[in-house]
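First to last, the protein sequences are chains A and B.
So the first sequence is residues 1 to 338, counted in my numbering.
So the second sequence is residues 339 to 829, counted in my numbering.
Here a beta-carbon is modelled for each residue, glycine too, at the ideal position from N, C-alpha and C.
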Amino acid sequence: MSLRSRIASETAIVLATLAAGLAVGAAVAAGFHAPPLRVMATMLTSWRSLPDVVAEYSAMLALTGAAFAVPVYAGLFNIGAEGSFQLGALVALWAALKWGGLAAPIALGVAAGALLSGLAGWLRVRLSVNEVLSTIMLNWIVYWLLLYLVATKLEDPYNPQRTLEVPRSSRLPWITIGSTQIPSTIVIAAAVLAVLWVFLRMTRWGLALRFAGANEWTSRTRGVNVGLYRVASMAVAGLLAGLAGAIHILGYSHAIDVIGGAVKGFGYNGIGVALMGRNDPLAIIPAAVLFATLLTGSSLVEPIYGVPKEAGDFIVGVIVVLLAVPEAFRLLSRLRRR
Amino acid sequence: MEPVVELRGIVKVYPDGVRALDGVSLRLYPGRVHAVLGENGAGKTTLMRILYGEIKPTRGELLLDGRPARFRGTRDAIRRGIAMIYQHPRLVPTLTVWENVLLYFASAGVPEGEAEERLEEARRITGFDVPLDARVEDLPLGARQRAEILRSIAAGARVLILDEPTTNLTPQEFEGLARAIEGAKREGLAVAYITHRLPEVKAIADLVTVLRRGRVVASELDPRGASEEELARLMVGELPPRPSRSRGGPGDRVVLSIEGLRARGRMEVFVERLEVREGEVLGLAGVEGNGQEELVGAIVGYTPRLSGRVVVLGRVNPTPREYYRAGAAYIPGDRSKALVLHFSVAENLAFLRYAHEGPALLTFSRLARLYREVAGEYGIVAESPWAPAGSLSGGNQQKLLAASQLHMRPRFLLAVNPTRGLDVATTRYVRGLIARLADEGAGVMLVSSDLDEIIELSDRVAVISRGRITGILPAGKATPERIGLLMGGAA
Ligand SMILES: Nc1ncnc2c1ncn2[C@@H]1O[C@H](COP(=O)(O)OP(=O)(O)OP(=O)(O)O)[C@@H](O)[C@H]1O
Ligand SMILES: [Mg+2]
């Protein structure tokens, strides 16, 4: 199929599944005796009331989505964006408290994320440890470490329910558009994804990475070090998620609460974003914006319409799953062939 | 005689607008072998996939026993007695032959209780014997194909479609296949037989239909009434001349030398001494599976070398990357293993050309330029550089693979079955390119299971048998008989 007809059919599928998801959402809302169309409209336009939240979530999900997408090109399934994100946030917060400024916290957060995922990649290539299992285990290790440090070393003595705050010198600026303000993380995320797209589609290494994932035999016979590319793809994934965590804490949340709520879920939700975006760095951006809009919207339906938050989350889940199904199918069939 | 199946006025336009068939009709008769010939991309495979229910025609109808039939998928076709054998066997590799047979019987609707009896009958008809409890992946390609034919006939096929069945067979295996087809004919099966090898047509076909660019140019010819040259001309128009070597003799520089090499893949090979000089084609003949794969892998450097030395263009025991960087190229024997069929033509080309070394930036315009250059020079026919490689006809995939390597202007070329699946004209053309490469001073090692190819191009012929070189013959002495003797292992 040519590129144009492929894009056309893909767009048709996306619109059809989106319509189906919205219909299910409307039905759920009606089930709670809320006006179905208005509920869905509120969810889809949540950026009107909470532009900064939608912008921030979009940025984070785009980066964690990319963190899932990149290893897929090398034939790996990285579930570890969650851990890399949290480790990146934790290390950036610690570095900001210690030295201030932006360079050290960002660099160290990024490096920590990259090392964590890179480790999982190395285990896979060297010792054949399945990367899905290892990244899930690493996620839990990071999570408990985070909870421990948040409540001990990093705790704010005057505000014991959270950590100390990122000092002024380490905060990323916000952008003013008219009368609204949004975090600058969105700009960083968009720029990073654009670079990633260029890398994957327009460089020799990007091509080699994609061949390494698609056909190991031909890669080896052409002198491509498949193992190295696999580890590197995981390290890049960790880098992206670690960057997300770091700029989230420096640019938006500034502190972590004792249950880690400020840094939870971005990594896992990134998987849905990557699948919705057909694993393409550029298509991941609109997918992330949609997911962020819906997530933010689901928190609005309870105060406005009395529909429970869980029902809102359910609607988000249905829409995301429907949009993600075609790509998930493709990946699974490829996994089976492996 | 009434045909079993008839395709009438078939038009096929692929989703991207390629008009692969433009009003083709074909009849298959019971007890007759109908050969379908045509140049690469003529539409042969497309026509057969329509008959097999794998894809739907844009227009045209299919008659089964004179009545219109419509297949929703291959399963429908199988149940109606139509079986297709692809070039690459499609058995489940991790299952045993027996399990594959049962799987197929399930979709054909054959009760499991009858399985053994029917297999026995099919064995009698074909004369094939395949170990039923062997795992498919442990079997050579020829045996897998025999298993596929066996199970199709056992499942009660009335129509047998063979799409280039001999590409992976040895000459001896072809004789077995011919006997099986003879048996199937006696049982009244109708056979469609696609091939690029005209001697096979003369040997087994009763009727010949020739396609060209999606149209029938000759219908139901009697092959006995037509010479090979005539058939070839019908297929491709004017034939290019046979390639000739201006045998200036090899130069002094050794481009490949092998000393005491021991390597292990599926089997172990040991090569005491082998050399290729500049300007020389060294043919490596042998029955497939006698260590060629291992030797080739050890030369390029992706199969571990246990001991000894391989020197390629001055590089001792090169890694694959060093191998290409030294100025050597490699055309692997199995294109479906070497390409990524769901990646675009341009991406496959760029990867095979540049993976070891090349421009850092491969923008779309650069890929398009590379494609135009290569497609123009080597006559690759694709809808666009961005079409998936899998949408090319088999022959065009093969050209893509060969062209990516010739484009490097290598000083040493290792080519494994470089013309497999190519039509007569393109085969001559590619052989001509290899001959020219050698005439211009490159060294070539040609590994081929096609003796004609080896004899036509080589200055010297080495023969491999059970992992050992059993003899090296100069061009004048390399007759099929002598080579055949050495292939059998006679020193
Ligand atoms: N899936 C597909 N999508 C688009 N075009 C296709 C597809 N399959 C085949 N084609 C095109 O249809 C034409 C006929 O292809 P086909 O494979 O039938 O040729 P063929 O006669 O079998 O050639 P060969 O001898 O090389 O195998 C070619 O131009 C090919 O590029
Ligand atoms: Mg074909």
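Can you say whether residue i is buried or exposed, counting buried as having 16 or more other CB atoms within 10 angstroms of its CB?
| i | result |
| --- | --- |
| L200(A) | buried |
| V195(A) | exposed |
| Y158(A) | exposed |
| L290(A) | buried |
| E790(B) | The residue asked about is misnamed: residue 790(B) is Asp in this sequence, not Glu. Classification for D790(B): exposed. |
| P431(B) | exposed |
| F681(B) | buried |
| S565(B) | exposed |
| G404(B) | exposed |
| E631(B) | buried |
| S645(B) | exposed |
| R798(B) | buried |
| V654(B) | exposed |
Using a C-beta cutoff of 9 Å, does residue i count as contacting chain A?
| i | result |
| --- | --- |
| F750(B) | no |
| R346(B) | no |
| T432(B) | no |
| T533(B) | no |
| K675(B) | yes |
| G526(B) | no |
| G379(B) | no |
| G635(B) | yes |
| E392(B) | no |
| T505(B) | no |
| F689(B) | yes |
| E626(B) | no |
| H680(B) | yes |
| D471(B) | no |
| D354(B) | yes |
| E616(B) | no |
| E631(B) | no |
Quick check: is the beta carbon of residue i nearer than 9 Å to any beta carbon in chain B?
| i | result |
| --- | --- |
| S5(A) | yes |
| R204(A) | yes |
For residue i, name the three-state secondary structure that DSSP assigns.
| i | result |
| --- | --- |
| W724(B) | coil |
| M276(A) | helix |
| V531(B) | In the sequence under discussion, the amino acid at residue 531(B) is Tyr, which differs from the Val named in the question. In the structure shown, Y531(B) sits in a strand (DSSP, three-state: E or B). |
| H745(B) | coil |
| V258(A) | coil |
| Q510(B) | helix |
| F608(B) | strand |
| L569(B) | helix |
| M339(B) | coil |
| Q483(B) | helix |
| I718(B) | coil |
| P469(B) | coil |
| V316(A) | helix |
| E616(B) | coil |
| P356(A) | In the structure displayed, chain A extends from 1 to 338; residue 356(A) sits before or after that span and is not available. |
| T434(B) | strand |
| Y367(B) | coil |
| S803(B) | strand |
What's the gap between the Cα of residue i and the Cα of residue j?
| i | j | result |
| --- | --- | --- |
| R583(B) | F329(A) | 53 Å |
| A373(B) | I416(B) | 21 Å |
| G635(B) | I793(B) | 23 Å |
| R571(B) | M783(B) | 31 Å |
| G317(A) | P173(A) | 33 Å |
| L708(B) | G809(B) | 42 Å |
| P579(B) | L500(B) | 30 Å |
| R473(B) | N378(B) | 34 Å |
| G732(B) | L239(A) | 42 Å |
| G411(B) | V468(B) | 28 Å |
| V236(A) | L705(B) | 26 Å |
Against chain B: residues of the segment 206–231 of chain A by CB proximity under 9 Å: Result list: G206, L207, A208, R210, F211, A214, N215, W217, T218, S219, R220, T221, R222, G223, V224 and N225.
Members of the segment 8–28 of chain A that neighbour chain B once the beta carbon cut-off is set at 7 Å: Contact annotation: in the segment 8–28 of chain A, no residue has its CB less than 7 Å from a CB in chain B.
Chain-ordered residues of the segment 693–721 of chain B with a beta carbon less than 8 Å from chain A: Contacts with chain A (Cβ-Cβ distance below 8 Å) from the segment 693–721 of chain B involve A693, H694, G696, P697, A698, L699, L700, T701, F702 and E721, listed in chain order.
Interface residues of the segment 636–670 of chain B facing chain A [CB-CB below 9 Å]: Correct list: V638, G639, Y640, T657, P658, R659, E660, Y661, Y662, R663, Y668 and P670.
Residues passing the C-beta test against ligand 4 heavy atoms, cut-off 5 Å: Because ligand 4 does not appear in the structure shown, any question about it cannot be addressed here, the ligands present being ligand 1 and ligand 2.
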